[in-house]
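Numbering (my numbering), first residue to last: 329 to 641.
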């Protein structure tokens, strides 16, 4: 509820509007509960007593009409917001006053939830970090998110809502930070003993400062290849910030497809091979059926054209 990014600001606004709409029912109900208890107390003999009352059109309209209108409003608001704030949907604006200029390319950051730390890969910059995330202010960011072993959740409250990280799958979050500063990021889904310490710092910086940080990370050296990743993947807690000046090509793709280790078949290749086998089997079956149909047709035509001889005794 203290947003520094446009998506978080829209989500906070949605929560407030929804809460106010629901208070339109909750507050009168609570107030009337106390009013009725006081108005119809035992000592108040002036209150009208009507034991045979069973229907009031006016009360029925209020009791059913008001909640129905609020539910319709909430449903409409939820439907619009669900599509507008879809994390997979590319951003249309930097903030409420500024649309995204045409041709703007979002910064791509690949996120891997490890036990119990966070790995951030910048494929376009060719660098990676552990437990440190840096992005420029007012630049759209597209996060591609996965996990190494168990399901987790990537969450920076000031930026946007939480998005699940799952092994063998890739989820997406589009967001933008509008204020420079240091923010808290953490895991929002219990994932084992080190879950409580699975936190990282998120830095929103000016574009020039981001470029300087990238160059500094590159100059710092360090390489994250597949062998290093397999060591990094092992469970550990309270990991310090690490920076890698180079990253193995398509490391994130190998993580998603669970084939980082040498000799392991990637899931996408396995599924493609299975799909090709199924298509080939269907094609063979169709060909066999077509051949049998042709043979049956030839036999039928041959039978129809043969003369039928009869002998009369």
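Glycine included, each C-beta is placed from N, C-alpha and C at the ideal position. Here the structure is a predicted model, which means the values were calculated and not measured.
{"Check": "Which residue from 583, 576, 448 puts its Cα closest to that of residue 513?", "Outcome": "448"}
{"Check": "Within the continuous alpha helix (DSSP H) that includes residue 407, where are the two ends?", "Outcome": "385-412"}
{"Check": "Using only the alpha-carbon positions, how far apart do residue 346 and residue 402 sit?", "Outcome": "7 Å"}
{"Check": "Of the residues 368, 386, 495, which one's Cα is nearest the Cα of residue 378?", "Outcome": "368"}
{"Check": "Just curious, the alpha helix (DSSP H) that residue 626 is in, first and last residue?", "Outcome": "595-633"}
{"Check": "Nearest by alpha-carbon distance to residue 476: which of 416, 370, 455, 585 is it?", "Outcome": "585"}
{"Check": "Within its chain, find whatever has a CB closer than 6 Å to the CB of residue 596; leave out the 5 residues flanking it on each side and keep chain order.", "Outcome": "585"}
{"Check": "Out of curiosity, what's the CA-to-CA distance linking residue 484 and residue 525?", "Outcome": "15 Å"}
{"Check": "At the level of alpha carbons, what is the spacing between residue 531 and residue 497?", "Outcome": "27 Å"}
{"Check": "By a C-beta neighbour count over all protein chains shown, 10 Å radius and 16 as the cutoff for buried, is residue 529 buried or exposed?", "Outcome": "exposed"}
{"Check": "Could you name the residues of the same chain whose beta carbon sits closer than 6 Å to that of residue 423, not counting the 5 residues immediately before and after it, in chain order?", "Outcome": "334, 506"}
{"Check": "Could you please give the first and the last residue of the uninterrupted beta strand (DSSP E) stretch that includes residue 480?", "Outcome": "480-484"}
{"Check": "Count the other C-beta atoms from every protein chain shown that fall within 10 angstroms of the C-beta of residue 445, then say buried if there are 16 or more, exposed otherwise.", "Outcome": "buried"}
{"Check": "What did DSSP end up calling residue 339 once you bin it into helix, strand or coil?", "Outcome": "helix"}
{"Check": "Is it the case that the Cβ atoms of residue 462 and residue 538 are separated by a distance below 9 Å?", "Outcome": "yes"}
{"Check": "How long is the line joining the alpha carbons of residue 558 and residue 573, rounded to whole angstroms?", "Outcome": "18 Å"}
{"Check": "To the nearest angstrom, how far is it from the Cα of residue 280 to the Cα of residue 582?", "Outcome": "The requested residue 280 is not part of the displayed model; the chain covers only 329 to 641."}
{"Check": "How should residue 331 be labelled, buried or exposed, when 16 other C-beta atoms within 10 angstroms of its C-beta is the threshold for buried?", "Outcome": "buried"}
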